[in-house]
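Peer 1: With UniProt numbering as the guide, the letters of the sequence shown map in order to residues 1 to 223.
Backbone N, C-alpha and C define an ideal beta-carbon position, used for all residues, glycine too.
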Amino acid sequence: MSYKVTIRDIQQITHDVKRFRVDKPEGYEFIPGQATEVAIDKLRWRDKKRPFTFTNLNGEPDLEFTIKIYNDHNGVTNQLNYLNIGDQLIIDDPWGTIQYNGPGVFLAGGAGVTPFISILRRLARDNSIEGNTLIFSNKTEDDIILEDEFEAMLGRHFMNVITDEPTDNYTYLDGFIDKEFLEEQIDDFDQPFYVCGPMDFNEAMLGYLKELGADPEALVFEE
């Protein structure tokens with residue numbers, strides 16, 4: 001089923017990420033970590049649906065999407081960049097396989113962190129976030145989405161990995177998340193692991209985790 005929703009607020013989160021808040025259809029509910037197909041309600045764009053994750057909490061009166069804008073091609077996110085408050089989107093019913101199965105390690109690459117935002121916000125609200133760790137890989141420090149909020153929620157259990165620029169800031173770790181990194185930073189592979197990022201990132205993380213002894217049944221990712 002499809003629904004037309006009106007954009008009520010737009011905020012710039014990073015240099016290339018925006019937060020959109022839209023009307024919530026009556027009776028519409030989602031599970032943290034789920035997404036929906038979104039299209040722009042304008043000529044030539046209504047049939048160009050793309051998946052975006054809900055990033056707010058289910059009980060709130062609106063819906064929120066945190067979306068990375070790609071300006072290097074004339075796609076949906078590029079068009080989203082030019083929308084204004086009052087414009088409309090078309091959304092479908094929720095779907096998705098990234099759901100919380102207990103305390104564990106969240107591994108995110110870039111905008112792949114978005115399915116984790118609602119999950120971690122709900123855990124923080126419910127005072128149940130203890131035992132969870134977020135390891136977040138980005139190209140530069142400027143690319144980190146919601147850095148202050150993750151820091152407030154997770155403290156020392158929020159770890160940033162910067163891949164494309166050197167930094168002497170002790171709060172960031174230079175380099176890439178590889179098998180050696182995971183072995184050094186994680187002392188328990190008998191726990192859930194939540195993985196989301198570009199396809200190459202997901203495949204690499206899942207491969208490393210299996211090699212390190214993680215239970216394939218405990219690996220949560222978008223299928």
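Could you give the distance in angstroms between the alpha-carbon of GLY155 and the alpha-carbon of LEU120?
Peer 2: The residue labelled residue 155 in the question sits at position 155 within the sequence shown. The residue labelled residue 120 in the question sits at position 120 within the sequence shown. Rounded to the nearest angstrom, the two C-alpha atoms are 13 Å apart.
Peer 1: Could you check the C-alpha separation between GLN11 and LEU80 for me, to the nearest Å?
Peer 2: Start at 1 with the first residue of the sequence shown, and residue 11 comes out as number 11. Start at 1 with the first residue of the sequence shown, and residue 80 comes out as number 80. Using only the alpha carbons, I get a separation of about 12 Å.
Peer 1: Could you spell out the range, first to last residue, of the beta strand (DSSP E) harbouring ALA35?
Peer 2: Residue 35 sits at position 35 when you count from the first residue of the sequence shown. Here the beta strand (DSSP E) through ALA35 covers 35–40.
Peer 1: Taking one C-beta from the segment 155–172 and one from the segment 127–140 each time, how about it: are there three or more such pairs within less than 8 Å?
Peer 2: As far as the Cβ criterion goes, the segment 155–172 touches the segment 127–140, which means the pair count is three or higher.
Peer 1: Please name the residue, chosen from LEU182, THR163, GLU183 and GLN185, that lies closest to GLY175 on a Cα-to-Cα basis.
Peer 2: Sequence index remark: in the sequence shown, residue 175 carries index 175 (1-based). Selected option, being the one with the closest Cα: THR163.
Peer 1: Which residue wins for smallest C-alpha separation from ARG44, given the options VAL76, ALA218, VAL17 and ILE67?
Peer 2: Locating residue 44 in the sequence shown gives position 44, where the first residue counts as 1. With distances taken between Cα atoms, ARG44 lies closest to VAL76.
Peer 1: Going straight from the alpha carbon of PHE106 to that of GLN191, what length do you get?
Peer 2: For the purposes of this step, residue 106 is taken as residue 106 along the sequence shown, with counting starting at 1. For the purposes of this step, residue 191 is taken as residue 191 along the sequence shown, with counting starting at 1. One C-alpha to the other measures close to 11 Å.
Peer 1: Whole angstroms is fine: what's the gap from VAL22's alpha carbon to TYR100's?
Peer 2: Stepping through the sequence shown from its first residue, residue 22 is reached at position 22. Stepping through the sequence shown from its first residue, residue 100 is reached at position 100. Spanning the two alpha carbons is a distance of roughly 25 Å.
Peer 1: Grab me the residues of SER118's own chain with a C-beta within less than 7 Å of its C-beta, minus the 5 sequence neighbours each way, in chain order.
Peer 2: Along the sequence shown, one-based indexing puts residue 118 at 118. Cβ neighbours of SER118 beyond the five flanking positions: PRO32, GLY33, PHE54, THR55, ASN56 and LEU57.
Peer 1: Could you pull the start and end residues of the alpha helix (DSSP H) that TYR208 belongs to?
Peer 2: Stepping through the sequence shown from its first residue, residue 208 is reached at position 208. Element bounds for TYR208: 199–211.
Peer 1: Would the beta-carbon of LYS48 fall within 8 Å of that of ALA39?
Peer 2: Looking up residue 48 in the sequence shown gives position 48. Looking up residue 39 in the sequence shown gives position 39. A contact, by the Cβ cut-off of 8 Å.
Peer 1: Taking only the alpha-carbon atoms, compute the straight-line gap between GLN185 and GLY109 and give it to the nearest angstrom.
Peer 2: Against the sequence shown, residue 185 aligns to sequence position 185. Against the sequence shown, residue 109 aligns to sequence position 109. About 17 Å.
Peer 1: Determine the direct distance from the alpha carbon of ALA204 to that of LEU182, and round the result to whole angstroms.
Peer 2: Within the sequence shown, numbered from 1, the residue matching residue 182 stands at position 182. Within the sequence shown, numbered from 1, the residue matching residue 204 stands at position 204. Rounded to the nearest angstrom, the two C-alpha atoms are 12 Å apart.
Peer 1: Can you give me the C-alpha to C-alpha distance between GLY86 and ASP9, rounded to a whole angstrom?
Peer 2: Within the sequence shown, the letter at position 86 stands for residue 86. Within the sequence shown, the letter at position 9 stands for residue 9. The alpha-carbon atoms of GLY86 and ASP9 are separated by roughly 9 Å.
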